[in-house]
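The structure appears below as structure tokens.
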Amino acid sequence: MDPKAVRKLLESVRGGETSIDQALGELADLPFRDLGFAHVDHHRHLRTGFPEVVLGLGKTREQIAAIVGELERTGANVLATRIDPDTAAFVTNAVPAARYEAQARAIVIEQQAIAITGRGPVLVVSAGTSDLPVAEEAALTARLGGSQVERLWDVGVAGIHRLLGQRALLEAAEVIVVVAGMEGALPSVVKGLVSRPVIAVPTSVGYGASFGGIAALLGMLNSCASGVTVVNIDNGFGAGYAAALMNRRREKTHE
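33 is the number that numbering that gives the first Met the number 0 gives to position 34 of the sequence shown; each next residue is one higher, with no gaps.
This is the structure we're talking about:
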């Protein structure tokens, strides 16, 4: 249950449209619901401003469908990451409101309009086309987190002129997520051009000596450009989530 839904329920009680007993029934599943194999956290949006996200890796398609269906039942927007096409077909059949974002390898349910809470755009930059699944995961997550998202694809350091030709787009961003594999040099280059925070995402794209993304990870951790923050290998979700939080306007709670 998100803050808007709780506020609406409380205002309904105050206005006499909903009884206290009815409200208690609505709140009965807070803070979580036990599905036997999972405790679905309905309270997370109230605590963190973002609903629980389902990681598809390691779960059966039946488990994913059950968790997604439970989250949908509460009226929340839903994101499930690392979903393969066969699992996606099963889940979207079981939960008709769900749609599959194939490039991001994610299932999404949007039951509520996404309020833009960001101070400015989040720009997601990919070094190469092979990095797009991770980059799209970051972009999708940042958008669901309330940020306007811009994309800049295939501007790696092997052809640096492609990046330099987009200076205006880089400078307009509030937060920049840079996704790169191979040697992972692109975040350092980007941060050397802008005053905004850069979140670097190493990917497992590369030849043998890239060691499944470890070379890119170490290169980003050792960046000589100040202001580069690094997430784990292939963690587009973590980068998009962090970018949305960095970008979020602080809401006034009291006058």
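C-beta atoms are modelled at their ideal positions from N, C-alpha and C, and glycine is treated no differently.
- In the three-state DSSP reduction, L217 falls in the helix class (H, G or I).
- The alpha-carbon of A141 is positioned some 15 angstroms away from that of Q102.
- In the displayed model, E170 falls within a helix according to three-state DSSP.
- Separation of E51 and G183 (C-alpha to C-alpha, rounded to the nearest whole angstrom) is 30 angstroms.
- If you look at I198, you'll find it in the beta strand (DSSP E) that goes V197 to P201.
- Here the alpha carbon of G226 sits roughly 40 angstroms from the alpha carbon of R60.
- Secondary structure of S225 (DSSP, three-state): coil.
- In the DSSP assignment, the residues bridged to V124 are L151 and V177.
- Under the Cβ criterion (8 angstroms, minimum of three pairs), the region 231–244 counts as touching the region 139–158.
- Between A215 and P201, the CB-CB gap stays under 8 angstroms.
- Contact check for G117 against R247 passes: the beta carbons are separated by less than 8 angstroms.
- At least 8 angstroms separates the beta-carbon of L192 from that of R150.
- In its chain, beyond the 5 residues on either side, T80, A103, R104, A105, G235, F236 and G239 have a beta carbon closer than 8 angstroms to the beta carbon of E136.
- Between V107 and L78, the CB-CB gap stays under 8 angstroms.
- For P120, the closest C-alpha among the options V174, A179 and K190 is that of V174.
- By the Cβ-count criterion, L9 is exposed, with fewer than 16 other Cβ atoms from all chains shown falling within 10 Å of its own Cβ.
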